[in-house]
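Have a look at the structure below before the remarks.
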Amino acid sequence: MLRGYHPYPTARGDLLHRLGRHAEAASAYREAIDLAGTEPERALLRRRLDMIERPGSR
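Residue numbering for the sequence shown follows the working numbering, starting at -19 and increasing by one per position.
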């Protein structure tokens, strides 16, 4: 039902990040980036992914 809808993996990534499940959150954000329809959306999601992947930013 929500397949192909980028806000779903975005929300999932946010929740997983808050739970400390960073590898799963990064995966969800990568999926959201692939599904996002515009470059500004992808840029925002890339920044969120960078925050998770950057050492010391958790």
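Glycine is no exception: its CB is placed at the ideal position from the N, C-alpha and C atoms.
Rounded to whole angstroms, what is the Cα-Cα separation between residue i and residue j?
| i | j | result |
| --- | --- | --- |
| E11 | E4 | 11 Å |
| H(-14) | H2 | 19 Å |
| R(-17) | P35 | 31 Å |
Hey, out of the options, whose CA is closest to residue i's CA?
| i | options | result |
| --- | --- | --- |
| R39 | I13, G(-16), L(-1), T18 | Any question about residue 39 goes unanswered here, given that the chain covers just -19 to 38. |
| P9 | T18, H(-3), E19 | A small correction: the amino acid at residue 9 is Tyr; Pro does not occupy that position in the sequence shown. With distances taken between Cα atoms, Y9 lies closest to H(-3). |
| M31 | R(-17), D(-6), Y(-12) | D(-6) |
| E33 | G0, G17, L15, E21 | G0 |
By a C-beta neighbour count over all protein chains shown, 10 Å radius and 16 as the cutoff for buried, is residue i buried or exposed?
| i | result |
| --- | --- |
| A23 | exposed |
| A(-9) | exposed |
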